[in-house]
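Notes follow once the structure below has been shown.
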Amino acid sequence: MLATERKEKILALLKEQRAATLEELSTVTEASVSTLRRDLNELEEENFLRRVHGGAELQQDFSEELSILEKSSKNVQEKEKIAALAFAKIKEGDIIYLDAGTTVTPLCHLLNQSGKRLTIVTNSISHLPRLTSENLIVYLLGGRVKKQTDAIIGSSAIAQLSTYRFNLAFIGANAFDKELGAMTPDSEEAAVKAQAIQQSRTSYLLLDSSKIGQTSFVKFADSDQIELITEKL
Numbered sequence: 001m002l003a004t005e006r007k008e009k010i011l012a013l014l015k016e017q018r019a020a021t022l023e024e025l026s027t028v029t030e031a032s033v034s035t036l037r038r039d040l041n042e043l044e045e046e047n048f049l050r051r052v053h054g055g056a057e058l059q060q061d062f063s064e065e066l067s068i069l070e071k072s073s074k075n076v077q078e079k080e081k082i083a084a085l086a087f088a089k090i091k092e093g094d095i096i097y098l099d100a101g102t103t104v105t106p107l108c109h110l111l112n113q114s115g116k117r118l119t120i121v122t123n124s125i126s127h128l129p130r131l132t133s134e135n136l137i138v139y140l141l142g143g144r145v146k147k148q149t150d151a152i153i154g155s156s157a158i159a160q161l162s163t164y165r166f167n168l169a170f171i172g173a174n175a176f177d178k179e180l181g182a183m184t185p186d187s188e189e190a191a192v193k194a195q196a197i198q199q200s201r202t203s204y205l206l207l208d209s210s211k212i213g214q215t216s217f218v219k220f221a222d223s224d225q226i227e228l229i230t231e232k233l
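Anchor point for the sequence shown: position 168 equals 168 in UniProt numbering, and the numbering is continuous, going up by one each time.
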């Protein structure tokens, strides 16, 4: 198979499922791992894809946002490790903010099983079924529902947030750069995140390492406003 044909098959698979392992790519191209690595390096140089550990993922437009279903299937083990590190920051009686997003979702499971008495405010519809323990007092912000991410956004949510004070806030993001800060594609979600950070004594950015060094459309926090929690220590 010619290199151009292999690359077409690689990109076709990535467009279908956004990410693929070397084993999956080897199956569809019938190429060796060393040949695939060379192809992937060339495609990465041409900005068609991004190399990740054990494979590659489609290069995502910086203003594009995946659906919550697409996000939930990505980097699952990394998100669970991040959740465990975040959970260690939480003490009995804390008042915390949980941002919408699939990186925060595993933390909800840990909180629900912990037995800790906590007050939780969230803007995520998806988090509610995971926060059912009688030890948890849970508030859902009011506002407009962004169906793509199950997030509550808008001026009503921001106004409500401005009346609260948190010990800790756990925030998700689509991209983080040490110089540029934390970013997300949606300006309204960015405004909610920024307000939550403003209302919190300490704010943590929960982020898998694939998003570090990336950029997105709207910045909502400078690097010195948040503490980064990622799976790579």
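Beta carbons are placed, not taken as given, at the ideal position from N, Cα and C, and that holds for glycine.
- Between residue 172 and residue 222, the C-beta spacing is not below 8 Å.
- When C-beta atoms of the segment 107-122 are compared with those of the segment 181-195, fewer than three pairs fall below 8 Å, so the two segments do not count as touching.
- DSSP places residue 146 in the uninterrupted beta strand (DSSP E) bounded by 144-146.
- For residue 155, the three-state secondary structure derived from DSSP is helix.
- The Cβ neighbour count for residue 8, taken over all protein chains shown within 10 Å, is under 16; the residue is labelled exposed.
- Taking a contact to require three or more Cβ pairs closer than 8 Å, the segment 119-127 and the segment 149-158 qualify as touching.
- Counting along the chain, the unbroken beta strand (DSSP E) around residue 201 starts and ends at 200-206.
- Of the residues 44, 170, 144, 148, the one whose Cα lies closest to the Cα of residue 105 is 170.
- A straight-line Cα-Cα distance of about 7 Å links residue 41 and residue 51.
- About 6 Å separates the CB atoms of residue 209 and residue 231; that is less than 8 Å, so the two are in contact.
- Nearest neighbour of residue 166 by Cα position, chosen from 96, 146, 139, turns out to be 96.
- Bounds of the beta strand (DSSP E) holding residue 167 are 166-172.
- Here residue 134 carries a coil assignment [DSSP, helix/strand/coil].
- Apart from the 5 residues on each side of it in sequence, residue 201 sits with its Cβ closer than 6 Å to the Cβ of 167 in its chain, given in chain order.
- Taking all protein chains in view, the Cβ of residue 144 is surrounded by fewer than 16 other Cβ atoms within 10 Å, so the residue is classified as exposed.
- Separation of the CB atoms of residue 1 and residue 29 is rounded to 6 Å, and the pair is thereby assigned contact status at 8 Å.
- In this structure, residue 58 keeps its C-beta atom at 8 Å or more from the C-beta atom of residue 87.
- Taking the CA atoms as reference points, residue 214 sits about 17 Å from residue 227.
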